[in-house]
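Take a look at the structure below.
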Amino acid sequence: MELNAQNGSKGDQPVRITWNELTVEQAALELSHSIADVEATVADLERAQQVSQQTLESKISV
Amino acid sequence: MAAIELRSFPFSEQALYSVLENPHTNRAEIASRAHARYLFHYLSELHAGSIISESPYIDGDYLDDFATYYVRCFTPYLNHCKRLHFFVGAFAHENLTKITSGALAKEDLGRLQQEYLGFIVARPLPQAVIGRTALKTFDGDKNRRHYPCLRLYRANLVGIQLSVESLAFQEQDTVLAACATVALWTSFQKTADLFGSTAPSPAVITRASQAIHLGRSFPSQGLSVLEICTAIRHVGLEPELFDLQHTPPVPLVSLLYSYLRFGLPIILVANVPGGLHAITLNGYSLRNDPVRTTEIIGDKPAIPMNGLRIDKFYGHDDQLGPFCRLVVQDAPANSPYPIQFLREGTIAHPIAVIIPVYNKVRLTFLDVQMWISRIHQVLKILVRPTSTVEWNIGLLFSNDYKRAVRESELLSDDLKRAIVMSALPRFVWYCALSVDGRIVVDFIIDATGLARSFPVYLIAWRDASLAAAMVKLMNVASLEKTLRGIFSDRFFDFLKSSLRDGLPVTRIF
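Order-wise, the sequence lines are chains A and B. Add 202 to a position in the first sequence, counting from 1, and you land on the number used in my numbering. Add 210 to a position in the second sequence, counting from 1, and you land on the number used in my numbering.
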């Protein structure tokens, strides 16, 4: 179980959160692109959950 | 009454092939088979030094197969097998007399267990001699190799209790079991341990899977994906099926990791030279740094997950042997899927993934992606572009999450108390964001809920600066509409409530 693991090779460095370096306008611009990205991703994920008849009938025999 | 015959040999290639032979398969035929050669190299890597052969050995799985098919053949087959025990070093071989006479001192018994590498049941069949096999895995190589699908196998050698952590393997006999049946048999070994479901013999699996089948069940001509799903339902579990042929690409490596880390063996259906083949994945190699730059959902980059650090999977491949390496590769541009696996010099193209899960595990890895993709879009703008961001997403028993929280040296007592005292469903999806190697926030998603509902159940902000940044962002009135559009109203409101006092919030119904 790796729930408390410090992943990667940079585990000793502090986390750097940069809210103060971002203006509201910049955040708004960044986020405005995100809605379309999220919608496209969700649509792809929904399609990825479908199963085709061809796959169901695939014979595994070697 | 027949006596048990124990014989010991120094471990060598010739000795291994000799003890595997039977009246239907001679040593030369065994030496020509890939399984025997693989097992010799595998045991050599584990520093095997002694073999003890135990005969007769009654193996339950073989006996079931024997009763279903072999006993009715005109050619007589034995109803019993040999069991071969393997040990590091020469101690076991040199002390066979003491083993049989009961003269081993207590510390010698301890040494025997310490040096025990596991066993192979040698079936008295033509060609398909490798029966139930439980062998030790390689060591963790500084926490790189992970084998989460192991369980304990006990072997009693004339009254000496031995045990090995493994996942059982066997070779397909092509009569009662083709590769798909054997892949299911291996998976059910572990799911029985995890969920208390049954672990039927290959003959039972093949027959159950073909309850509705136009051809004959035996000799088996292999199973279809639909028949694999039927066999999984037969043992009281549900098949989580991901079709990789006719759907948009998904982050396959992270998907496999998310179920494997729980201990669930995964049946990978792959196109290999000769046709479709089933391999039971049961482990992975996790590097410290990414080995690929991105995974894909559809035609867009997926959120960065620790699948990017996985360079190999391990699996039981009944064309080869147990714990075989499958090296993850980016597929060439004209390939049917973005990822392929290099398997002993040949390429395996993934076709489908089937995971036997407990019926209450209803949300899939892809359902979870829908929610975590939303939060990632926002959190990523709060992190410096030069920082390394990684999501660790996996299925988990909630009590294992609580145990890990209890053991953490990084969390405050208040946060620990708030999490361990939260009422959580038995199965959860654990989604943790790391920034530059430190976990900054946990999202716990109810795995037993409904995909269409709002399943995020608990948010634990581990990093005060991230929580503070989120509070600031979410309090900007002009951004609220955009943020609600990304998150959904319910997720937005839940996030806001989770940030009120810095402690995790569990939803109350």
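The C-beta atom is built at its ideal place from N, Cα and C for all residues, glycine as well.
For residue i, go through chain A and note every residue whose CB falls closer than 8 Å to its CB, in chain order.
i: lysine 510 (chain B); result: Asp239, Ala242, Thr243 and Asp246
i: glutamine 579 (chain B); result: Thr243 and Leu247
i: cysteine 641 (chain B); result: Within 8 Å Cβ-Cβ: nothing; cysteine 641 (chain B) doesn't reach chain A, min ~11 Å.
i: threonine 556 (chain B); result: Correct list: empty, because the minimum Cβ distance to chain A is about 12 Å.
i: valine 588 (chain B); result: Leu233 and Ser236
Judging by CA-CA distance, which residue of the options is the nearest neighbour of residue i?
i: serine 260 (chain A); options: B:Thr401, B:Thr391, B:Ala393 and B:Gly432; result: B:Gly432
i: glutamine 251 (chain A); options: B:Ala441, B:Gln579, B:Val666 and B:Asp540; result: B:Gln579
i: leucine 621 (chain B); options: B:Tyr568, B:Cys641, B:Arg648 and B:Ala633; result: B:Arg648
i: leucine 216 (chain B); options: B:Ser254, B:Gly259, B:Phe551 and B:Thr307; result: B:Thr307
i: proline 358 (chain B); options: B:Tyr280, B:Gly493, B:Ile370 and B:Asn236; result: B:Gly493
i: isoleucine 370 (chain B); options: B:Asn353, B:Val229, B:Leu530 and B:Ala313; result: B:Ala313
i: isoleucine 507 (chain B); options: B:Gln382, B:Tyr287, B:Tyr469 and B:Leu465; result: B:Leu465
i: isoleucine 340 (chain B); options: B:Asp540, B:Val414, B:Lys292 and B:Thr596; result: B:Lys292
i: histidine 303 (chain B); options: B:Tyr326, B:Leu288, B:Thr408 and B:His290; result: B:Tyr326
i: proline 459 (chain B); options: B:His290, B:Pro475, B:Ala480 and B:Pro560; result: B:Pro560
i: leucine 436 (chain B); options: B:Tyr467, B:Arg361 and B:Glu448; result: B:Glu448
i: aspartate 624 (chain B); options: B:Asp711, B:Ala332 and B:Phe297; result: B:Asp711
i: serine 597 (chain B); options: B:Pro532, B:Ile214, B:Val645 and B:Phe428; result: B:Val645
i: leucine 592 (chain B); options: B:Ala541, B:Leu676, B:Ala402 and B:Phe533; result: B:Leu676
i: leucine 660 (chain B); options: B:Phe704, B:Val651, B:Ala614 and B:Asn569; result: B:Asn569
Quick one: grab the DSSP three-state call for residue i.
i: glutamate 227 (chain A); result: helix
i: aspartate 453 (chain B); result: strand
i: lysine 352 (chain B); result: coil
i: aspartate 673 (chain B); result: coil
i: lysine 570 (chain B); result: coil
i: histidine 487 (chain B); result: strand
i: isoleucine 585 (chain B); result: helix
i: lysine 261 (chain A); result: strand
i: phenylalanine 405 (chain B); result: helix
i: cysteine 291 (chain B); result: strand
Rounding to the nearest angstrom, what Cα-Cα distance links residue i and residue j in this structure?
i: arginine 584 (chain B); j: phenylalanine 697 (chain B); result: 6 Å
i: aspartate 246 (chain A); j: lysine 510 (chain B); result: 10 Å
i: asparagine 498 (chain B); j: phenylalanine 607 (chain B); result: 25 Å
i: threonine 692 (chain B); j: phenylalanine 472 (chain B); result: 36 Å
i: threonine 396 (chain B); j: isoleucine 489 (chain B); result: 10 Å
i: valine 244 (chain A); j: leucine 576 (chain B); result: 9 Å
i: threonine 257 (chain A); j: glutamate 617 (chain B); result: 44 Å
i: valine 374 (chain B); j: proline 665 (chain B); result: 39 Å
i: arginine 237 (chain B); j: proline 334 (chain B); result: 13 Å
i: valine 715 (chain B); j: phenylalanine 398 (chain B); result: 37 Å
i: glutamine 420 (chain B); j: serine 254 (chain A); result: 20 Å
i: tyrosine 279 (chain B); j: leucine 386 (chain B); result: 8 Å
i: phenylalanine 637 (chain B); j: leucine 605 (chain B); result: 7 Å
i: tryptophan 671 (chain B); j: lysine 682 (chain B); result: 15 Å
i: isoleucine 654 (chain B); j: arginine 694 (chain B); result: 20 Å
i: arginine 249 (chain A); j: valine 445 (chain B); result: 29 Å
i: serine 264 (chain A); j: leucine 486 (chain B); result: The residue you asked about is not serine; residue 264 (chain A) is valine in the sequence shown. If I take the Cα positions, the gap works out to 6 Å.
i: alanine 562 (chain B); j: leucine 322 (chain B); result: 42 Å
i: proline 336 (chain B); j: histidine 234 (chain B); result: 5 Å
i: serine 407 (chain B); j: alanine 657 (chain B); result: 19 Å
Use the C-beta contact count for residue i: other C-beta atoms within 10 angstroms, 16 or more gives buried, fewer gives exposed.
i: serine 688 (chain B); result: exposed
i: alanine 418 (chain B); result: buried
i: glutamine 228 (chain A); result: exposed
i: asparagine 305 (chain B); result: buried
i: methionine 680 (chain B); result: buried
i: lysine 352 (chain B); result: exposed
i: valine 686 (chain B); result: exposed
i: asparagine 366 (chain B); result: exposed
i: cysteine 283 (chain B); result: exposed
i: methionine 235 (chain A); result: For the sequence presented, residue 235 (chain A) should be read as histidine rather than methionine. By the 10 Å Cβ count, histidine 235 (chain A) comes out exposed.
i: valine 479 (chain B); result: buried
i: aspartate 699 (chain B); result: exposed
i: glutamine 382 (chain B); result: buried
i: serine 211 (chain A); result: Legend: pLDDT at serine 211 (chain A) = 38, less than 50; position of this residue unreliable, no value from coordinates given.
i: glutamate 450 (chain B); result: buried
i: lysine 316 (chain B); result: exposed
Below 7 Å on C-beta distance, what does residue i contact in chain A?
i: isoleucine 696 (chain B); result: Leu233, Ser236, Ile237 and Val240
i: histidine 456 (chain B); result: Ser254, Gln256 and Thr257
i: arginine 584 (chain B); result: Val240
i: isoleucine 476 (chain B); result: Per Cβ cutoff of 7 Å: no residues; isoleucine 476 (chain B) is ~14 Å from chain A at best.
i: leucine 451 (chain B); result: Val253
Give a single yes or no on whether residue i has its beta carbon closer than 7 Å to a heavy atom of the ligand COA.
i: glycine 485 (chain B); result: As for the ligand COA, it is missing from this structure, which has no ligand bound.
Whose Cβ in chain A lies nearer than 9 Å to the Cβ of residue i?
i: glycine 432 (chain B); result: Lys261, Ile262, Ser263 and Val264
i: cysteine 389 (chain B); result: Ile262, Ser263 and Val264
i: valine 686 (chain B); result: Val226, Ala229 and Ala230
i: histidine 487 (chain B); result: Ile262, Ser263 and Val264
When the cut-off is 8 Å and only beta carbons count, does residue i lie next to chain D?
i: arginine 572 (chain B); result: Judged by its chain identifiers, the structure shown contains no chain D, and its protein chains are A and B.
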